[in-house]
Each structure stands twice: as structure tokens, then as C-alpha cells.
Amino acid sequence: MSYIRLVNVTKQFGDVTAVNNLNLEIGKGECFSMLGPSGCGKTTTLRMVAGFEDLSDGEVWVGDRLLSSPKKHYYTPPENRNFGMVFQAFAVCPHMSVYENVAFPLRLRKLPKSEIDQRTRDALIATNLLKSAEDSPANLSGGGKQRVALARALAINPDVMLLDEPLSSLDPHLRTVFNLASRPTEIRFTSETDPNGVRGTVIRNAFLGEIIDYLVKIGDQEIRVQIGRRDPGPEVNEVCYLHFLRPFWYKVNE
Ligand SMILES: Nc1ncnc2c1ncn2[C@@H]1O[C@H](COP(=O)(O)OP(=O)(O)OP(=O)(O)O)[C@@H](O)[C@H]1O
Ligand SMILES: [Mg+2]
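Quick note on numbering that gives the first Met the number 0: the sequence shown kicks off at 0 and runs consecutively.
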């Protein structure tokens, strides 16, 4: 059953149609990615779901809650949605320490002091920032600032995490702290027409008894895929499309 539902969502900025009649359904627990060229409306869509941007038309639902509908005069402000959002241009406050940046939304929610401290520390550990807790984010690299934004979004225990290219400033080592993953046996080759298909190229395949073990390159990542030896699969150097059956996020313990 769908959890987040966008119904005929449209956003006009003057003459520019940033999002045109978008219909989207995302299940609870689903990790859903939007890919598209610059200017196609990804950020605008996320901002509308988060409540930072009004809709020109259409509706945004979460579960059985209608959050935005200009026609029905419905609008729930961001602070009442319990969503975490990491912005493309990471919005961290240079006048607060790293710790205070992460704790700030929890203080706004008036949580008990001990819970604020626990949640803040957990988020700082998860993003490898505990040692910078008392520093100003101004002294951190771009990737460091982005991790502060990520920690702040995680700390509120959000119902929905909205991530606008949140890992683009992280170096490859830190990207693996939160690893966009699937078991090799839970990836299938699919067709170009699959809307959830991710394009890649086969680097190698190896026959291992009952299974064929593939290495597929997607961007700068190499992904292992395993299928039954009788299942149809692509050849080495062939362009292919992967369907991730059960993608999940995991935290790598360093
Ligand atoms: N506040 C605004 N005022 C006017 N036009 C805007 C505004 N915000 C976005 N746009 C326009 O809406 C369109 C979609 O922009 P958006 O930022 O959502 O794209 P995007 O897919 O996130 O792009 P990128 O990959 O570069 O981040 C673009 O044409 C952009 O110029
Ligand atoms: Mg964007």
C-alpha cells in the first residue's frame, strides 16, 4: 500500500512549469530515488513534499493525512510533518556548534534534555562527527557540513527522510557510512522500459555452479548481481538495467 502519494502535482514559477502533473506513490519503508537532468524539478518536488513550497495544483498525502491541497485550502507546515530533509545547499548554522546544529530541532520539540543528548550523540556517531561536536560547521569541509545536515535530519527520527543529493559532497570513503545497497541475489536484470530500472554495464560474469555472478558498473560504483544459471542475463560489456528488489540503507561500522 502506498504511504506517500502525490496526485496531479503541478508547480508553476511564473511562466516556468517546474513540475507538471506529477503522480507518484511510494510505499512505507521504500527507498525511492528520483533521477533526472538539472532543472527537471527534483528539488521542487521534494520541497513540496516537505511543505517548504506551495503547490500550484494537486495534492500531497502521507498515509491517510492530506498535507497539501490548494484547491481544498489544506496546508500542513513543515514542522508538523515530522519529515527530515537534507537540502541540496546544506543549510547549517555557522554560529552554532556542530552539536547545537543537530540538537536544535530537538530543542524546538521541547524533548527531555537526556533524550536530546542521546539522539544528538547517536546521530553524530552515525555520521562520524562526534569528535567535531564542539566545532563550528564553518570550519568543516563541504562534506563535513553535509554530514551535519544529515545528522540533524536523522536525529528527529523522521517518518520520512527527504534527501536532495545529500552525499554529493562526501568523499567516497564517507559515502559508505550510509550505503543508497541490495544483496546480490535481490537484484534482477530488467528491461529499459522498467521505470525503476537503473542503467549499468556488465564488467564480468562468472559461472559458479548453480548461479552466475555478475559485476555491473553503475556510474563509479560496481555492483554484484547473482542470478540462477538458467536465468537469462546479459553478456560482458553489454548495457543492462538493474531492478533492486529490496534496497536498504545500512551503516558501516568503521
Ligand atoms: N524559486 C524559483 N523561482 C523560479 N523558478 C524556479 C524556482 N525554483 C526552481 N525554479 C525553476 O524550476 C525548475 C526546476 O528546478 P529544480 O530546482 O526543482 O530542479 P532540479 O531537478 O532540482 O535541478 P538540479 O539537478 O540542478 O538540482 C527549473 O527550471 C528552475 O529554474
Ligand atoms: Mg535540485
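Note that CB positions come from ideal geometry on N, CA and C, so glycine has one too. Nothing here was measured: the structure is a model prediction, and the numbers come from that model.
| Item | Value |
| --- | --- |
| Inside the region 12-92 only - beta strand (DSSP E) runs reaching at least 3 residues | 15-26, 56-61, 64-68, 82-85 |
| C-alpha gap between Val61 and Leu161, whole angstroms | 13 Å |
| Own chain, CB closer than 7 Å to Ala102, minus 5 neighbours either side, in chain order | Ile115, Thr119 |
| Cβ-heavy atom distance, Ser86 to ligand 1, below 7 Å | The identity of residue 86 in the sequence shown is Phe, whereas the question assumes Ser. Phe86 Cβ: outside cutoff for every heavy atom of ligand 1. |
| Residues near Leu45 by beta carbon distance below 6 Å, same chain, minus five either side | Leu161, Asp163 |
| Neighbourhood of Lys225 by C-beta, 6 Å cutoff - its chain only, sequence neighbours within 5 removed | For the sequence presented, residue 225 should be read as Gln rather than Lys. Answer for Gln225: Pro183, Thr184, Ile210, Asp212, listed in chain order. |
| Leu244 - DSSP class collapsed to helix/strand/coil | coil |
| Helix, strand or coil at Asp212 [DSSP, three-state] | strand |
| Stretch pair the region 88-98 + the region 118-136: three plus CB contacts closer than 8 Å | yes |
| Secondary structure of Phe177, DSSP reduced to three states | Reliability of the predicted coordinates at Phe177 is poor, the pLDDT of 48 falling under 50, and no value is obtained from them. |
| Val18 and Thr43 closer than 8 Å at C-beta | yes |
| Coil, strand or helix - Glu221 by DSSP | strand |
| Residues of its chain near Phe258, where Cβ-Cβ distance is below 6 Å and the 5 sequence neighbours each way are ignored | Residue numbering for the chain in the displayed model covers 0 to 253; residue 258 lies beyond these limits and cannot be assessed. |
| Contact test: Phe12 Cβ vs ligand 1 heavy atom, cutoff 7 Å | yes |
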